[in-house]
Amino acid sequence: MDIKTQLDVIREELEKELASLTDIRQLEEVRQKVLGKKGTLTALLRSMGSLSPEERPIAGQMINKGREEIGQMIDARMADLKAKEREEKLRKDTIDVTEPRELPRVGVPHPTSLALEEVLSALTGLGFDVVEGPEVELDHYNFELLNLPKDHPARDAQDTFYVDDNIVLRTHTSPVQARTMLSRKPPIRIACPGRVFRADEVDATHSPVFHQIEGLVIDKDVTMGDLKGTLDTLFKKLYGDDIETRFRPSFFPFTEPSAEVDLTCITCRGKGCRMCKGTGWIEVLGCGMVNPKVLEMCGIDSNEYRGFAFGIGLERITMLRYGIKDMRLLYEGDERFLRQFR
Ligand code: PHE
């Protein structure tokens, strides 16, 4: 092969390689392969030793020219790769100042808290003090002082979590009644919100942990009419003037007489819907006149004072208030559900 052909081969080969390589490191390798000590062009230059003195200058010129061209081809590709690299870096480092920032994730009040807040502010508006008690409670306050001695059959109805023989997870907020009667002098008007516990099933309307709001009023001439009037006022204030309460006779050892109270369904305003199973009413609380036995056990003279008490199921009210059909939603902490209450 003559020099010119060999140069052409080297150049063609180089062109192909330059086209297919993609980074500077590869380009350096190619440069070595052609122009390095053991490079193809260098080898060609060395082969000139075998030429005749007449041929040598012409071949020398050709090779030098070829080397210059090859050098330029490689340099051009180098400039090209460097420009691409810079471009890439700029693209990666660019900050789009117009891009909307991610909003900080702010917590929202839980619907149960919202409903509780509403009920408590209505009750404090009616002159009730807010009082809290312990969730881990002595049997004495949770049962004994509420006229539920150890062998009382009504204890079974409460599915109690026992810590030991004398300590329970409170099954209702009523022990706060007993604690308050023992520590304050009448007149007493308190609202006691809190968590309560029962070994219950978990389903759309039951949970082993739920909330109650206890109300207790002790004064001289308190009557069942006052109880009815207080509850009517409370619920009209909360949910509108068309909302009414309906008393059904019931039994609690700590109240006599006792009643269960239904509320006009606040979803359908009494017309009948899925929330109230078509009845127009929803059961929301138990109540009654404080049993004189309880007053006496708690150090209040039952000849001088009477009282009424009620225990509202907060989850019921919350579900009604927001049209929530499954109680489990209130405990699962699913953000998609909770965010709706922003
Ligand atoms: N403590 C009762 C319950 O949990 C409710 C109640 C409270 C009833 C106050 C009467 C008076 O079912």
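Per our numbering, residue 55 is the first one in the sequence shown, and the count goes up by one each step. Each residue gets a CB set at the ideal place from its N, CA and C atoms; glycine is no exception. It should be emphasised that the depicted structure is a prediction, and the values quoted were computed from it without experimental measurement.
Given this structure, state the Cα-to-Cα distance separating Tyr-216 from Glu-186, to the nearest angstrom. On the sequence shown, position 162 is the one that residue 216 refers to. On the sequence shown, position 132 is the one that residue 186 refers to. Going by the C-alpha atoms only, they are around 21 Å apart.
Please report how far the alpha carbon of Asp-355 lies from the alpha carbon of Met-278, in whole angstroms. Residue numbering aside, residue 355 sits at position 301 when the sequence shown is read from its first letter. Residue numbering aside, residue 278 sits at position 224 when the sequence shown is read from its first letter. So the two alpha carbons sit approximately 19 Å from each other.
In the structure shown, what three-state DSSP assignment does Val-151 receive? Working through the sequence shown from its first residue, we reach residue 151 at position 97. Three-state result, Val-151: coil.
Can the beta-carbon of Met-351 be found closer than 7 Å to that of Leu-199? By one-based count along the sequence shown, residue 351 stands at place 297. By one-based count along the sequence shown, residue 199 stands at place 145. Between Met-351 and Leu-199, the C-beta spacing is below 7 Å.
Compute every distance between the C-beta of Gly-365 and the non-hydrogen atoms of the ligand PHE, then say whether any falls below 6 Å. What you label residue 365 is simply residue 311 of the sequence shown in a count that begins at 1. Answer for Gly-365: yes, Cβ within range of the ligand PHE.
Contact set for Asn-201: own chain, Cβ-Cβ below 6 Å, skip 5 residues either direction: Position 147 of the sequence shown, counted from the first residue, corresponds to residue 201. The residues are Pro-307, Phe-308, Asn-345, Lys-347, Val-348.
Out of Phe-264, Glu-122, Ile-128, Lys-119, which has the shortest C-alpha to C-alpha gap to Glu-69? Taking the sequence shown and counting its residues from 1, the one referred to as residue 69 is at position 15. Closest option to Glu-69, Cα to Cα, is Ile-128.
I think Asp-213 touches Asp-254, with their Cβ atoms under 8 Å apart; what is that distance to the nearest whole Å? As a first step, residue 213 is located in the sequence shown; it is residue number 159 there, counting from the start. As a first step, residue 254 is located in the sequence shown; it is residue number 200 there, counting from the start. Indeed, because the Cβ distance is near 6 Å, the residues count as touching under 8 Å.
If we count the other Cβ atoms within 10 Å of its Cβ and call it buried at 16 or more, is Thr-284 buried or exposed? Against the sequence shown, residue 284 aligns to sequence position 230. Thr-284 should be labelled buried.
Three-state secondary structure (DSSP) of Ile-244: Here residue 244 is taken as the residue at index 190 of the sequence shown, counted from 1. Of the three classes helix, strand and coil, the one that applies to Ile-244 here is strand, per DSSP.
Out of curiosity, what's the CA-to-CA distance linking Leu-144 and Val-151? Start at 1 with the first residue of the sequence shown, and residue 144 comes out as number 90. Start at 1 with the first residue of the sequence shown, and residue 151 comes out as number 97. C-alpha separation (whole angstroms): 15 Å.
Taking the beta strand (DSSP E) that Ile-336 belongs to, which residues open and close that run? On the sequence shown, residue 336 is found 282 positions in, with the first residue counted as 1. That run of the beta strand (DSSP E) goes 335–344.
Is Cys-352 near the ligand PHE, with its Cβ less than 6 Å from a heavy atom? Working through the sequence shown from its first residue, we reach residue 352 at position 298. No, the Cβ of Cys-352 stays beyond 6 Å of every heavy atom of the ligand PHE.
May I have a chain-ordered list of the beta strand (DSSP E) segments no shorter than 3 residues that lie completely inside the segment 149–237? 190–192, 216–218, 221–223
Which residues bound the beta strand (DSSP E) around Asp-273? In the sequence shown, the residue the question calls residue 273 occupies position 219. Where Asp-273 is concerned, the enclosing beta strand (DSSP E) stretches over 263–273.
Does the Cβ-Cβ distance between Gly-269 and Ala-245 come in under 7 Å? In the sequence shown, counting from the first residue as 1, residue 269 sits at position 215. In the sequence shown, counting from the first residue as 1, residue 245 sits at position 191. It is a contact, given that the beta carbons lie within the stated cut-off.
Rounded to the nearest angstrom, how far is the Cβ of Ile-78 from that of Leu-135, given a contact under 8 Å? What you label residue 78 is simply residue 24 of the sequence shown in a count that begins at 1. What you label residue 135 is simply residue 81 of the sequence shown in a count that begins at 1. Contact holds; Cβ gap of about 5 Å.
Compute the distance between the beta-carbons of Leu-105 and Arg-121, then report whether it is under 7 Å. As a first step, residue 105 must be located in the sequence shown, where it is residue number 51. As a first step, residue 121 must be located in the sequence shown, where it is residue number 67. The answer is no: Cβ separation not under 7 Å.
Inter-residue spacing [alpha-carbon to alpha-carbon] between Ile-242 and Ser-304: As a working mapping, residue 242 is identified with position 188 in the sequence shown. As a working mapping, residue 304 is identified with position 250 in the sequence shown. Using only the alpha carbons, I get a separation of about 24 Å.
Among residues of its own chain, excluding the 5 on either side of Gln-60, which ones have a beta-carbon nearer than 8 Å to its beta-carbon? Locating residue 60 in the sequence shown gives position 6, where the first residue counts as 1. Around Gln-60: Leu-98.
Hey, quick one: how far does the alpha helix (DSSP H) through Phe-395 stretch, first residue to last? As a first step, residue 395 must be located in the sequence shown, where it is residue number 341. No alpha helix (DSSP H) holds Phe-395; DSSP gives it neither H nor E.
Element boundaries [alpha helix (DSSP H), containing Ala-97]: The residue you call residue 97 lines up with position 43 of the sequence shown. Its alpha helix (DSSP H) spans residues 94–100.
Grab me the residues of Asp-280's own chain with a C-beta within less than 8 Å of its C-beta, minus the 5 sequence neighbours each way, in chain order. Within the sequence shown, numbered from 1, the residue matching residue 280 stands at position 226. Around Asp-280: Val-271, Phe-362.
First and last residue of the uninterrupted beta strand (DSSP E) at Ser-106: Residue mapping note: residue 106 aligns to position 52 of the sequence shown, counting from 1. It is not in any beta strand (DSSP E) - Ser-106 carries neither H nor E in the DSSP assignment.
With a 10 Å radius around its C-beta and 16 neighbouring C-beta atoms as the bar for buried, classify Ile-149 as buried or exposed. Reading the sequence shown from its first residue, position 95 is the one you call residue 149. Ile-149 comes out exposed.
The segment 367–374 in contact with the segment 326–344 per 3-pair CB rule at 8 Å: A contact is defined here as three or more CB-CB pairs under 8 Å, and the segment 367–374 meets this definition with respect to the segment 326–344.
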